[in-house]
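K.L.:
First residue of the sequence shown: 4, per my numbering; consecutive thereafter. Glycine included, every Cβ here is placed at the ideal spot set by N, Cα and C. I'd like to ask you about the structure that follows.
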Amino acid sequence: MSETSETGTSDKFKIGISIWLSFCLFVCLWFLSRFMTGRRQLKNNLHVIEDGLKRMQEEIEKRQRENSIGYGENLEDLMEELLKKDKEETVNVVLSTLTSFYCV
């Protein structure tokens, strides 16, 4: 009778260990599948973020080009004003030199 009880106990123990190992294997596979899914989603999200950043960079570069074109136009206007002032100053210097020369 003791042999039967020992065999029954060892069978129950083996069944318990088998169930426990099966459960552990299932949990490990579940974590692995979640990890892989998360990685895939992260890659997709990074791809979307990268596309958004590229669009933002293109918009910024476009604005900078527009501003630089406007800056060039403003620069031309400033150069025209400076040339006008230079001409006026040159005329004033020539006139003052001539008047001082003739007054002496």
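Give me the Cα-Cα distance between residue 60 and residue 37, rounded to the nearest whole angstrom.
P.N.:
Cα to Cα, the separation comes out at about 34 Å.
K.L.:
Can you give the Cα-Cα distance for residue 71 and residue 58, rounded to whole angstroms?
P.N.:
When rounded, the distance between both Cα atoms is 20 Å.
K.L.:
Residue 39 to residue 10, Cα distance in whole Å?
P.N.:
Taking the straight line joining both Cα atoms gives about 43 Å.
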